[in-house]
Amino acid sequence: MSINFRELHDWTVDPETAIGLQHQLAPNIIREGEPEHVEHIAGVDIGFEDEGATTRAVIVLMHWPSLEIVEQVIHREATRMPYVPGLLSFRELPAAIGAFKRLEGTPQLVMVDGMGIAHPRRLGIAAHLGLWLELPTIGVGKSRLCGRHEPVAEEKGARTPLVDRSETIGMVLRTRERVKPLYISTGHRIGLDNAVEWVMCCLTRYKLPEPTRQADRLASRRTRALRNDS
DNA sequence: GCGACAG
DNA sequence: ATCTTGTCGC
């Protein structure tokens, strides 16, 4: 796909610099709107190999609304940064961007495992990626990074706001009964309510919406016969 | 000062 | 994230 190859900033930086960049980039995030003319949705997930030395990014492109997989890319490169809570994007985005550069198709919406603006400085990995791609993105987290919330009702579809410093930064959503809820947040160019609806629309019989579930399936499976490219 | 802490 | 066996349930 054609994306902006303009370098926003360096990825290998010290923690203080990374935090400064987050403060600088966060104001550019657009927290409203909805994706238009959606024909394809992409799911992104990152995994590691060689005890963390290699980062593996997976992108699955699905047709909407059939949710059929139309393309998938697996891209590996050397890991540059350690995992630091709050600085996840600096560790995982270089590989994700490398994968997007190899993707032939173009999604109108991207779902990322991790937070969007539900982040201490409002720039989680989904928001950061959205800024880079200049595409609508949604953060689909499996656990909480920051913020507080009321217990979520048991039924599928039940939700409660995730609030941090008096600000609603996301929605805790029960995507299946008897399963831990997901933390949905705006990544970029989409409103929270729309983000939640898109996630609901991509649910089948599992906890995760199809785009991230399929990417997850490929990203965290054994190191086996998975080679680069599709 | 003491916890909490996406993947 | 990753390492890992069996086990419970539709």
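Quick note on numbering that gives the first Met the number 0: the first sequence kicks off at 0 and runs consecutively. Just so you know, even glycine gets a beta-carbon here, dropped at the ideal spot from N, CA and C.
The Cβ atoms of residue 194 and residue 115 sit closer than 9 Å to each other. According to the DSSP assignment, residue 166 belongs to the beta strand (DSSP E) that extends over 166–172. Note that the region 180–197 touches the region 149–168; at least 3 beta-carbon pairs, one per stretch, sit closer than 8 Å. Within the region 99–138, complete alpha helix (DSSP H) segments of at least 4 residues are found at 124–132, given in chain order.
Per the coordinates, the alpha-carbon of residue 144 lies some 15 Å from the alpha-carbon of residue 186. Nearest Cα to residue 44 within the set 6, 138 and 134: 138. Judged by DSSP secondary structure, residue 162 falls within the beta strand (DSSP E) whose first and last residues are 158–163. A direct Cα-Cα distance of roughly 14 Å separates residue 206 from residue 197.
If you draw a straight line from the Cα of residue 213 to the Cα of residue 57, it comes to about 9 Å. Scanning its chain for C-beta atoms nearer than 7 Å, with the 5 sequence neighbours on each side dropped, one finds around residue 104 the residues 0, 39, 60, 69 and 70, in chain order. Contact between residue 127 and residue 97 fails: their C-beta atoms lie close to 15 Å from each other, not under 8 Å. Distances from the CA of residue 82 to each of 110, 111 and 13 were compared; the closest alpha carbon is that of 13.
Beta-bridge pairing by DSSP links residue 56 to 45 and 74.
Going by C-alpha positions, residue 134 is about 18 Å away from residue 8.
Cβ neighbours of residue 35 within its own chain (closer than 8 Å, five residues either side excluded): 107. The criterion of a C-beta distance shorter than 9 Å is not satisfied by residue 161 and residue 175.
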